[in-house]
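My numbering puts the last residue of the sequence shown at 319; the count rises by one with no breaks.
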Amino acid sequence: MERIESVATMQRHCLEARAEGRRIVLVPTMGFLHEGHLSLLREGRRRGDLLVLSLFLNPTQFGAGEDLDHYPRDLAGDSEQALRAGVDMLFVPSAAEMYPPGYASYVNVEGLTEVLCGSSRPGHFRGVTTVVCKLFSIVQPHVALFGLKDFQQLAVVRRMTADLNLPVEIIGMPIVREADGLAMSSRNSYLSVAERRQAVSLSDAISLARAAATAGETRSEVLLQMVRRRIEREPDAAIEYARICDRTSLQDLSRADSRAVLLLAVHIGKTRLIDNSYLFEEDCLS
Ligand code: PAF
């Protein structure tokens, strides 16, 4: 496994690999790898012959007062896991390498980025699309894999890729959960023992809504009431949003149908968690 810090070197290697006819797969991450990331790497390994993992804690997607300075990091542990997962190239640029002095260009997807997480995190998705677009341009991947846990992020990245005619196939991978249902996330490491117990309320609430929908209840407001009631039983839980939306437009649905996705953002103490699920089917691969 080669570890590369320079944008120019990474781009040169990838252009050479493309010229040799190799199929490049990119898994973009901010590091502190967990089983969710490893599932992307396993699928990535299957889908191409040059597997690139980027570890870059992207400052432009964090707002003032967010957790950039405290975001968990473990470069040594991540490198070991990457090696074991069969990564060919580990791309670990510095912030100055990605955003040198004078940097002034950003990618903005309109509409989809203004709702849900976009309402409480202004500028967040602009940072995500900017860095993902830069990574696509540097790594030149044929395929890029993202987790469905960041459902809105995936919808926004798909929109950007289509709108800008980027020749990259975007794959969304199912959420990986702990044994009790909690969706895996680097931010779970912030939770105290008591908060960790309460955090399971998100996946519990999703299961309740899915069961009710399968039994025939399609009124979104009724399903969302069940969701809210379950989460509000926890003393440290504060719901930021609980919505049932169309999976592509992210617009609210008054009745859940086959395109419906339940989306949650909940603060457990100081930790902001997100989770989601389709209401009528298992997460699918794309
Ligand atoms: O999902 C993440 O880890 C990040 O938002 C991403 C896609 C790597 C961009 O920094």
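By construction, the Cβ of each residue, glycine as well, lies at the ideal position given by its N, Cα and C atoms.
Handout entry: Residues proximal to the ligand NAP by C-beta, any heavy atom closer than 6 Å
Key = The model depicted lacks the ligand NAP and carries the ligand PAF instead.
Handout entry: Contacts around GLN231, its chain only, beta-carbon distance under 7 Å, and the 5 residues preceding and following it disregarded
Key = GLU267, ASP269, ALA270 and ILE301
Problem - Every unbroken beta strand (DSSP E) inside the segment 187-218 [3 residues or more] - result: 202-206
Exercise for the section: Assign ASP308 to one of three DSSP states: helix, strand, or coil. Expected result: strand
Practice task
Kindly indicate which residue of ARG78, PHE65 and LEU149 has the alpha-carbon position closest to the one of VAL294.
Solution key: LEU149
Practice task
Between the Cα of SER291 and those of ARG305, SER253 and ILE272, spot the shortest distance and give me the residue it belongs to.
Solution key: SER253
Handout entry: Distance, GLU228 Cα to MET206 Cα
Key = 27 Å
Exercise for the section: Return no unless some Cβ of chain D is closer than 7 Å to the Cβ of TYR136. Expected result: You won't find chain D in this structure, because it holds only one protein chain.
Practice task
Take VAL165 as the anchor and find which of TYR139, SER153 and GLY96 has the nearest alpha-carbon.
Solution key: TYR139
Handout entry: Chain-order list of residues whose beta-carbon lies under 7 Å from that of LEU257 (same chain, five-residue window excluded)
Key = ALA275 and ILE277
Exercise for the section: Compute the Euclidean distance between the alpha carbons of VAL161 and VAL120, then round it to the nearest angstrom. Expected result: 23 Å
Handout entry: Beta bridge counterpart(s) of SER321 as assigned by DSSP
Key = Any property of residue 321 remains undetermined from this structure, which presents the chain solely from 34 to 319.
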